[in-house]
């Protein structure tokens, strides 16, 4: 990369030299205090609090609603993840000298309301506010809250192994992405990414006496997946694999590698019952339906950020989708809200083609405090084909996209729950951290999470 001019510490009163060309063009960067950002979050107004350090540094400590935007990837990701050019953006680092550079680049990309967090991460800590570890912290904390409030059933790794080796009919549904499942999985498990669980469970376990086990690598996706099936009225007994593949490994049980069983291998059956229940769940969570004229009004409103998500599978999306909708499978959207929708306070519009997946994902996002609506399927709607477009400005520093991707991989945070060679102590430490997230939520107080009580409605 080409050399950057010397930078003052982010949060300093003069963040750049008056002779800096960027300063001459855009002026001095304003500062916003941690107390101001907290007030904005509590008023549920729009703000994008972005951490421009590498992901492995971000994962060590960050505010709950911070989103990671490594400075090297700004031009690749900003226009997709921050679609409104005048959205309030607050940039910070932890004294590495990256925040000012990143803020100037955002201004050059056309963003008009860019500021620095006064004092950076140290200033946030000094104000007495909570910091969280790891990635996707909002979703993981919410998953722990769901388990605490709903007492989501779970079985330990030895209990699940005993079921698999016994005579009880049992099916294991792996709620992660297919590539994660192929890397390591419970022997005999089937890949069913979380957004597909409710839609496919009856097809994969047609006998209502069959025990369904939902697993992921750690805890969140198995908790949300199992609770989704329970909420949707699936008649089978359902449980999460407690602590996922981490728990399996800590119990000294052998994982399988390279498995290929997918939910697509079984034909889709009648989804009428789960469609009704998914719609009712969304209604109970406060999710509204929106029509195309209302959507157009939203998109014309330059005072609000509106994200458009198609939550179906990749092949379905590529075969035809509504223009402007980005592909993010429903389970991953719930898991990665901080990455997919970094503007807290924005509006989310979800769509699918069956009335199940969008409503299920929306029911969870609404419980996470998002303003979320569903655009119902429309067989006559105009569609486009192909994958989600990648839009970005001209790249800086003469780097190619491949070079930026390589640098990003080198600085990526290695999740304790991925791969097959992580130290056991790191896996246990990760679980211990997750167990403490509900208490952290209480201390932080900016989340607006709610968990729907059990419904008395039958399936």
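In the numbering used here, the protein residues as written are 12 to 470. The beta carbon of each residue, even a glycine, is placed where N, CA and C say it ideally should be.
1) Spell out the partners DSSP gives residue 147 in its beta bridges.
2) So, is residue 370 buried or exposed, given that buried needs 16 or more other C-beta atoms within 10 angstroms?
3) Which residue marks the beginning of the beta strand (DSSP E) containing residue 185, and which one marks its end?
4) How about the stretch 135–150 and the stretch 64–83: do they share at least three Cβ pairs that are nearer than 8 Å?
5) On the CB-based measure, 16 or more other CB atoms within 10 Å of its CB, does residue 254 come out buried or exposed?
6) Between the Cα of residue 198 and the Cα atoms of 181, 210 and 209, which residue gives the shortest distance?
7) Would you give the residue range spanned by the alpha helix (DSSP H) that residue 500 belongs to?
8) First and last residue of the alpha helix (DSSP H) that includes residue 234?
9) From residue 438 to residue 227, what distance separates their C-alpha atoms?
10) Considering only C-alpha positions, which residue in the set 461, 157, 259 and 115 is nearest to residue 237?
11) If you run the structure through DSSP and keep just helix, strand and coil, what is residue 202?
12) In angstroms, rounded to a whole number, what distance separates the CA positions of residue 207 and residue 368?
13) Restricting to runs no shorter than 4 residues, where is the alpha helix (DSSP H) found entirely within the stretch 264–298?
14) Would you list the residues sitting across from residue 103 in a DSSP beta bridge?
15) If I measure Cβ to Cβ from residue 383 and keep anything under 7 Å in the same chain, skipping five residues before and after, which residues do I get?
16) As a quick exercise: from 444, 327, 184 and 147, pick the residue whose alpha carbon is nearest that of residue 398.
17) Looking at the unbroken alpha helix (DSSP H) that takes in residue 88, where does it start and where does it end?
18) Pull up the distance between the alpha-carbon of residue 97 and that of residue 138, whole angstroms please.
19) For the putative contact between residue 82 and residue 63, defined by C-beta atoms under 8 Å, what is the C-beta separation to the nearest angstrom?
20) To the nearest angstrom, how far is the alpha carbon of residue 250 from that of residue 429?
21) Going by the beta-carbon positions, is the gap between residue 320 and residue 339 smaller than 9 Å?
22) If you run the structure through DSSP and keep just helix, strand and coil, what is residue 390?
23) Tell me whether the stretch 115–134 and the stretch 85–101 touch, counting them as touching only if at least three CB pairs, one residue from each stretch, are closer than 8 Å.
Taking the coordinates as given:
1) The count along the chain shown starts at 1 and reaches residue 147 at position 136. DSSP lists no partner for residue 147.
2) Here residue 370 refers to the residue found at position 359 of the chain shown. Buried: at least 16 other Cβ atoms inside 10 Å.
3) The residue you call residue 185 lines up with position 174 of the chain shown. Start and end: 181–185.
4) yes
5) Mapped onto the chain shown, residue 254 falls at position 243. With 16 or more Cβ atoms within 10 Å of its Cβ, residue 254 is classed as buried.
6) Translated into positions along the chain shown, residue 198 becomes position 187. Residue 181 is the option with its Cα nearest to residue 198.
7) Summary: the structure shown does not reach residue 500, with the chain confined to residues 12 through 470, and so no result is reported for it.
8) Within the chain shown, residue 234 is the residue found at index 223, counting from 1. Residues 231–242.
9) Stepping through the chain shown from its first residue, residue 438 is reached at position 427. Stepping through the chain shown from its first residue, residue 227 is reached at position 216. The straight-line gap from Cα to Cα measures roughly 14 Å.
10) Reading the chain shown from its first residue, position 226 is the one you call residue 237. For residue 237, the nearest C-alpha among the options comes from 157.
11) Taking the first residue of the chain shown as 1, we reach residue 202 at position 191. DSSP places residue 202 in strand when its eight states are reduced to three.
12) Indexing the chain shown from 1 puts residue 207 at position 196. Indexing the chain shown from 1 puts residue 368 at position 357. Each residue's CA atom was taken as its position, placing residue 207 and residue 368 some 7 Å apart.
13) 283–295
14) The residue given as residue 103 occupies position 92 in the chain shown. Residue 103 pairs with 62.
15) Here residue 383 is taken as the residue at index 372 of the chain shown, counted from 1. The residues are 298, 359, 361, 373, 376 and 377.
16) As a working note, residue 398 is residue 387 in the chain shown. Looking at the Cα atoms, 327 is the closest of the given residues.
17) Residue mapping note: residue 88 aligns to position 77 of the chain shown, counting from 1. Per DSSP, residue 88 belongs to the alpha helix (DSSP H) from 85–92.
18) Within the chain shown, the letter at position 86 stands for residue 97. Within the chain shown, the letter at position 127 stands for residue 138. Answer to the nearest angstrom: the Cα atoms are 27 Å apart.
19) As a working note, residue 82 is residue 71 in the chain shown. As a working note, residue 63 is residue 52 in the chain shown. Right, the Cβ-Cβ distance comes to about 4 Å (below 8 Å), so this counts as a contact.
20) To locate residue 250, count along the chain shown from 1; it is residue 239. To locate residue 429, count along the chain shown from 1; it is residue 418. Distance between the alpha carbons of residue 250 and residue 429 is about 22 Å.
21) In the chain shown, residue 320 corresponds to position 309, counting from 1. In the chain shown, residue 339 corresponds to position 328, counting from 1. Yes; because the gap between Cβ atoms is below 9 Å, this pair is in contact.
22) Within the chain shown, residue 390 is the residue found at index 379, counting from 1. Three-state DSSP puts residue 390 in coil, outside helix and strand.
23) yes
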